[in-house]
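Contents: one structure, followed by commentary.
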Amino acid sequence: GEFSQPGFSLLLLVILFCEFGRITTQRPLYPFTPRYTEEPPTIKVKIIQFNGLSYVQFNFSRLPAEYLRPADIEEFQFNFLSSQPDGLIWLHEDHNRKMYLALKDGQLIFVNDDRTSSPDEIVIGRRDGARFDDRRWHLFRISRRGRRISLTVDNAHQEDYIFARDVQFLVPAEVFLGGTPNTYAFTGGRVIPNFNGGVAQVFYRTETRTGNTSFRNEVNLIAEIGDTDISRPGVDFRTVVWPPEFGFTVPVGQTRKTTLPPPVTSPPRLTSITIKDERVYLVVPEFKIQSGGSLSFKFQTIKRDGLLMFSTSNFYGKNFIALEIYDGKLYLIHNFGAQSKRTLFSETEVSDGQP
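Residue 1 is where the sequence shown starts when you use my numbering, and the numbers rise one by one after that.
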């Protein structure tokens, strides 16, 4: 792989452009051969670890042409692990659509944006109350037949979805793991931070035909990158025996000082407040908005208008950020030195009394 790093950026962006010659496999499917559904017989696997300030980028147009042929049957899967409730894990963008997977409030969401209407969002595990920010490895899988897909985590929490138009995952596209250069812009504000955690065993599999012979095509996306277990700020490649006996250590510098598992810490205790008088407000300690930082809170109200949050810099009147409910919908208002902007943050009403 080849790394490139810009001279200056708000994010530390680690970009990898991968050659695909050694990560693709094609074999014929003979009559009455059962479909390959088990994990590949791999003893050691490659893990990519992200600290929320990096991403890895792949250009699928570099794949051999036979892997990009139309296929009715397809499978895409990877293992992931995180202790953070939010972060973009995977994003795919081709000339027809944009698709991505992200952790959002501890749950896994799949978004399909075919640019013809509002994006569709599927929440995996909502019915079961499942959370996947538990510092455990989870297996995510999409199985596709035609336009219909089935999404699962750990072979459970199944959600089904039908695309309005033909779709394929293994096509000429730009694919990102761990985030993007500007995740807020790439996802239209639906996801803000990049991914903080580990990703392993990223497989694409399709079934195609050449003449009278059917082939199973497999792309092991991260098999050959970081072969020397090199470390870079924000991203780290490691080869481990699978499954690992422990989670991961977030990469923070050029070298890794220890391989011991990080201590398990309890999440901070949440405190709720109720404001009953419109003249009352709460002043919180100084909050620094910086690359990789995030601010989150839950609220519920039946009021259709009101200021939820306001923060200004030391340069009073110039830089500020605010969240406002207006006519039942949530808006983001900010000015970072140029001019004030007001952006709709929610398509649906938030003044419904629900958290």
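We put the CB at the ideal spot given by N, CA and C, even for glycine. Values in this document were obtained by computation on a predicted structure and should not be read as measured data.
Cut-off 7 Å between Cβ atoms - residues of its own chain near residue i, not counting five sequence neighbours on either side
i      : result
Gln300 : Gly353, Gln354, Pro355
Pro85  : Leu103, Asp105, Gly106, Asp133
Ser143 : Glu75, Ile149, Ser150
Asp166 : Arg147
Gln168 : Pro70, Ala71, Glu74
Glu347 : Ser118
Residue i, DSSP secondary structure in three states
i      : result
Ala200 : strand
Gly21  : Here Gly21 scores only 47 on pLDDT, less than 50, and its place in the model is too uncertain to base an answer on.
Tyr326 : strand
Glu66  : helix
Ser83  : coil
Phe76  : strand
Ser311 : strand
Thr208 : strand
Phe110 : strand
Ser61  : helix
Asn335 : strand
Pick from the options that is closest to residue i, judged by C-alpha positions
i      : options                        : result
Ala223 : Tyr55, Pro193, Gln201, Ser272  : Gln201
Val199 : Ile43, Ser351, Tyr55           : Tyr55
Phe140 : Arg127, Trp90, Arg115          : Trp90
Ile275 : Ile302, Ile48, Leu295          : Ile302
Ile122 : Leu307, Val153, Gly197, Arg135 : Val153
Lys341 : Val350, Tyr331, Thr348, Glu347 : Tyr331
Ser351 : Thr343, Leu344, Arg205, Asp327 : Asp327
Leu308 : Phe336, Trp242, Ile273         : Ile273
Own chain partners of residue i with C-beta closer than 6 Å, once the 5 adjacent residues on each side are dropped
i      : result
His92  : Met99, Ala173, Val175
Arg148 : Ile162
Thr312 : Phe320
Arg131 : Gly106
Phe310 : Ala322
Short Cβ contact (8 Å threshold) for residue i with residue j
i      : j      : result
Glu74  : Leu170 : yes
Gly125 : Leu151 : no
Asn138 : Phe80  : At residue 138 the sequence reads His, which differs from the Asn that was named. Cβ atoms of His138 and Phe80: closer than 8 Å.
Asp94  : Arg145 : no
Gly306 : Ile325 : yes
Val240 : Ile48  : no
Gly188 : Gly87  : no
Pro193 : Thr180 : no
Gln339 : Phe203 : no
Spatial neighbours of residue i in its chain, beta-carbon cut-off 8 Å, leaving aside the 5 residues before and after
i      : result
Asp160 : Arg148, Ile149, Ser150, Leu151
Asn155 : Leu139, Arg141
Arg127 : His157
Residue-chain proximity (residue i, chain D), Cβ-Cβ < 8 Å
i      : result
Asp105 : In the displayed structure, chain D is absent; only one protein chain is listed.
> Going along the chain, which unbroken runs of the alpha helix (DSSP H) with 4 or more residues stay wholly within the segment 117-191?
Replying inline: 183-186
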